[in-house]
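There are 2 protein chains.
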Amino acid sequence: MSEKLNIGFIGLGNLGTPIAMNLLESGNKILVYNRSIQKTIPLKEKGALVAKDPAELAAQCDIVFSIVSDDAAIRSLCEGQGGLIQHLKKKSIHVSMSTILPETAELLAKAHEEKEQYYLAAPVFGRPEAAVQKKLNFAISGQPEIRKKVEPILKQAGAFAVWDFGDSIRAANTIKLCGNYLIAAAINAIGESISLANSSGINATQMWSMLGQTLFNAPVYQNYSKIILEKKFEPASFTAKLGLKDLNLVLHQANSVNQPMPLAELVRENMQILVDTGRQDMDWSAIGLLSK
Amino acid sequence: MSEKLNIGFIGLGNLGTPIAMNLLESGNKILVYNRSIQKTIPLKEKGALVAKDPAELAAQCDIVFSIVSDDAAIRSLCEGQGGLIQHLKKKSIHVSMSTILPETAELLAKAHEEKEQYYLAAPVFGRPEAAVQKKLNFAISGQPEIRKKVEPILKQAGAFAVWDFGDSIRAANTIKLCGNYLIAAAINAIGESISLANSSGINATQMWSMLGQTLFNAPVYQNYSKIILEKKFEPASFTAKLGLKDLNLVLHQANSVNQPMPLAELVRENMQILVDTGRQDMDWSAIGLLSK
Numbered sequence: 003m004s005e006k007l008n009i010g011f012i013g014l015g016n017l018g019t020p021i022a023m024n025l026l027e028s029g030n031k032i033l034v035y036n037r038s039i040q041k042t043i044p045l046k047e048k049g050a051l052v053a054k055d056p057a058e059l060a061a062q063c064d065i066v067f068s069i070v071s072d073d074a075a076i077r078s079l080c081e082g083q084g085g086l087i088q089h090l091k092k093k094s095i096h097v098s099m100s101t102i103l104p105e106t107a108e109l110l111a112k113a114h115e116e117k118e119q120y121y122l123a124a125p126v127f128g129r130p131e132a133a134v135q136k137k138l139n140f141a142i143s144g145q146p147e148i149r150k151k152v153e154p155i156l157k158q159a160g161a162f163a164v165w166d167f168g169d170s171i172r173a174a175n176t177i178k179l180c181g182n183y184l185i186a187a188a189i190n191a192i193g194e195s196i197s198l199a200n201s202s203g204i205n206a207t208q209m210w211s212m213l214g215q216t217l218f219n220a221p222v223y224q225n226y227s228k229i230i231l232e233k234k235f236e237p238a239s240f241t242a243k244l245g246l247k248d249l250n251l252v253l254h255q256a257n258s259v260n261q262p263m264p265l266a267e268l269v270r271e272n273m274q275i276l277v278d279t280g281r282q283d284m285d286w287s288a289i290g291l292l293s294k
Numbered sequence: 003m004s005e006k007l008n009i010g011f012i013g014l015g016n017l018g019t020p021i022a023m024n025l026l027e028s029g030n031k032i033l034v035y036n037r038s039i040q041k042t043i044p045l046k047e048k049g050a051l052v053a054k055d056p057a058e059l060a061a062q063c064d065i066v067f068s069i070v071s072d073d074a075a076i077r078s079l080c081e082g083q084g085g086l087i088q089h090l091k092k093k094s095i096h097v098s099m100s101t102i103l104p105e106t107a108e109l110l111a112k113a114h115e116e117k118e119q120y121y122l123a124a125p126v127f128g129r130p131e132a133a134v135q136k137k138l139n140f141a142i143s144g145q146p147e148i149r150k151k152v153e154p155i156l157k158q159a160g161a162f163a164v165w166d167f168g169d170s171i172r173a174a175n176t177i178k179l180c181g182n183y184l185i186a187a188a189i190n191a192i193g194e195s196i197s198l199a200n201s202s203g204i205n206a207t208q209m210w211s212m213l214g215q216t217l218f219n220a221p222v223y224q225n226y227s228k229i230i231l232e233k234k235f236e237p238a239s240f241t242a243k244l245g246l247k248d249l250n251l252v253l254h255q256a257n258s259v260n261q262p263m264p265l266a267e268l269v270r271e272n273m274q275i276l277v278d279t280g281r282q283d284m285d286w287s288a289i290g291l292l293s294k
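In structure tokens, the structure reads:
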């Protein structure tokens, strides 16, 4: 990309902040916005400009990245008088990285389209430390020319890889929901295995040293077994509250296509218990505590 | 090991056959026994001797490997008038590779000990093709000098690695049960993710190409997602019937130490449904079919 773009970034949470920082450190001019202004300070100190509201940001940018907590937050950001859709210029692009329902992605894509703007579904896999290390994985879907245009900017944003799932705007978010469900099921099972080993008087750390080097030599198992073994649930990289939100989305999507998912139901119930017992701000892998 | 041992091998199933073949091809003299004599033919053709019963085999061997289907089979092999315990020589070693309860391992170890024989718990992780490729993982526990003596023979038997879990005879089998539970939970979740993708009109093969290269780049996920996507459940490498047996052992163990495992309960129920609906001989990863 030789063209110089004005980049906007909305949502400076645990994951948003290092992604915005990556974009900034790649030499881009960036305008940021966050509901709580305090979180804009680290970016401002590195040279980012700070917008007073999404409308101001939208009016000045060719491409706007957003990463917010849920479907309600993204809709409130996009819709209404002060929303992105009202204020983005024609031909500008909204790269939406939040984990939301496929149907919300579709609804927003249509609304942007009506204003001759573009919407790219670009949910992201990776914990905050992966963002810092530029090891994120983005799943993208949407219009072909927009996918092509945004891909190199996602590399700057910290992508290890950008996975292209084609034209259907719903595809990327469906895959993100499947991925988060699979992680949640894995951490629940890891937790139960550790509880069984402990209760049986077996060294669970030694057991996971073997499993993490053999059958389950994948980052999800290696990282989470470590967190659960050490009970390092705070500070959370991904809270139980967010985990529950995502599992609710998985089951909403399953319900909308009449797909039974009994295992997902149970994992969702377990995550609900975690939240209901005051552990909503712990890392979601604390789900493994339940069975002890 | 410079010492030349007479090796016995009992149980020529899907996994036993390639392991016995590895021992034979490593230059050992081997005496085999299997309940159905037909399965001894491939070994006999390669030079193995065939015993008419476990008693005859036991009397002639310094070390006996066994891999049979369940706790009842190993007890029937060891106990009683024609059993290994009655007929093994003093100082001989029984290397027990079956997936059985930790309490059964302990019971058999004691019975061997009373006759001045040794019992090593050596359950094995790996599908038959991994045995052929010498990529098995053995978890071992038992007396230190026996672990040391058997380890090099397990390398010949097809070990990628031998994982030493110390003196407690119960350790290795507990870890094997945890491992099989984790695999079962993973294949159940993989199945549900593929069903959700299919029902949502998403290309599940493309989704698993990404997941298998990123978050879930472990053999369990790569191999089983492929089997489930292609619905190649027959011939089975590991049947639903055996999977159900193992999940029952996991819950038996959990119950014996008062450990709740709600996720394991559900996976067990799902495997039971598979068996009860006539799919007991399919690969256990057909559990992923249930949700569609």
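Residue numbers (my numbering), protein chains in the order written: chain A, 3 to 294; chain B, 3 to 294.
Quick reminder that beta carbons are idealized off the backbone N, C-alpha and C, glycines included.
Cβ neighbours of residue i in the same chain (closer than 6 Å, five flanking residues each side left out)
i, result
"residue 57 of chain A", "84 and 89"
"residue 13 of chain B", "68, 69 and 70"
"residue 111 of chain B", "121 and 171"
"residue 48 of chain A", "26"
"residue 113 of chain A", "87"
"residue 247 of chain A", "72"
Residue i, enclosing beta strand (DSSP E) - first and last residue
i, result
"residue 94 of chain A", "Residue 94 of chain A -> no beta strand (DSSP E), and no H or E assigned at all."
"residue 277 of chain B", "Counting along the chain, residue 277 of chain B falls outside any beta strand (DSSP E), and DSSP gives it neither H nor E."
"residue 10 of chain B", "8-12"
"residue 164 of chain B", "161-166"
"residue 142 of chain B", "138-142"
Residue from the options with nearest C-alpha to residue i
i, options, result
"residue 272 of chain B", "B:103, B:292, B:111 and B:256", "B:292"
"residue 202 of chain A", "B:280, B:52 and B:170", "B:170"
"residue 30 of chain A", "A:154, A:108, A:141 and A:268", "A:154"
"residue 18 of chain B", "B:6, B:150 and B:37", "B:37"
"residue 224 of chain A", "A:209, A:237, A:236 and A:284", "A:209"
"residue 184 of chain A", "B:185, B:192, B:237 and B:183", "B:192"
"residue 262 of chain B", "A:198, A:34 and A:26", "A:198"
"residue 64 of chain A", "A:41, A:236, A:91 and A:26", "A:91"
"residue 249 of chain B", "B:234, B:238, B:275 and B:226", "B:275"
"residue 238 of chain A", "A:214, A:283, A:217 and A:254", "A:283"
"residue 125 of chain A", "A:226, A:116, A:138 and A:117", "A:138"
"residue 117 of chain A", "A:81, A:141, A:136 and A:140", "A:81"
"residue 297 of chain A", "A:251, A:256 and A:258", "What is shown of chain A runs 3 to 294, which leaves residue 297 of chain A out entirely."
"residue 200 of chain B", "B:24, B:46, B:55 and B:230", "B:230"
Cβ neighbours of residue i in the same chain (closer than 7 Å, five flanking residues each side left out)
i, result
"residue 181 of chain A", "127"
"residue 7 of chain A", "64 and 65"
"residue 132 of chain B", "138"
First and last residue of the uninterrupted alpha helix (DSSP H) at residue i
i, result
"residue 73 of chain A", "73-80"
"residue 31 of chain B", "Counting along the chain, residue 31 of chain B falls outside any alpha helix (DSSP H), though it belongs to the beta strand (DSSP E) covering 31-35."
"residue 213 of chain A", "206-215"
"residue 68 of chain A", "From DSSP, residue 68 of chain A is part of no alpha helix (DSSP H) but of the beta strand (DSSP E) over 65-68."
"residue 174 of chain B", "171-201"
CB contact check: residue i to chain A, cutoff 9 Å
i, result
"residue 203 of chain B", "yes"
"residue 286 of chain B", "no"
"residue 218 of chain B", "yes"
"residue 212 of chain B", "yes"
"residue 4 of chain B", "Low local confidence applies: a pLDDT of 44 at residue 4 of chain B is under 50, so the model's placement there is unreliable, with the coordinate-based value given in what follows. Closer than 9 Å: no."
"residue 230 of chain B", "no"
Pair within 9 Å by beta-carbon distance, residue i and residue j
i, j, result
"residue 286 of chain A", "residue 189 of chain A", "yes"
"residue 94 of chain A", "residue 76 of chain A", "no"
"residue 134 of chain A", "residue 160 of chain A", "yes"
"residue 32 of chain A", "residue 61 of chain A", "no"
"residue 130 of chain B", "residue 176 of chain B", "no"
"residue 211 of chain A", "residue 173 of chain A", "no"
"residue 264 of chain B", "residue 194 of chain A", "yes"
"residue 270 of chain B", "residue 253 of chain B", "yes"
"residue 217 of chain A", "residue 220 of chain B", "yes"
"residue 281 of chain B", "residue 235 of chain B", "yes"
"residue 10 of chain A", "residue 59 of chain A", "yes"
Chain D contact for residue i (CB, 9 Å cutoff)
i, result
"residue 222 of chain B", "Although the question refers to chain D, the structure presented lacks it and instead comprises the protein chains A and B."
Within-9 Å CB hit, residue i to chain B
i, result
"residue 270 of chain A", "no"
"residue 207 of chain A", "no"
"residue 23 of chain A", "no"
"residue 35 of chain A", "no"
"residue 177 of chain A", "yes"
"residue 239 of chain A", "no"
"residue 195 of chain A", "yes"
Other residues of its chain near residue i: CB distance less than 8 Å, five sequence neighbours each side excluded
i, result
"residue 107 of chain A", "98, 121, 123, 171, 172, 174 and 175"
"residue 145 of chain A", "120, 122 and 169"
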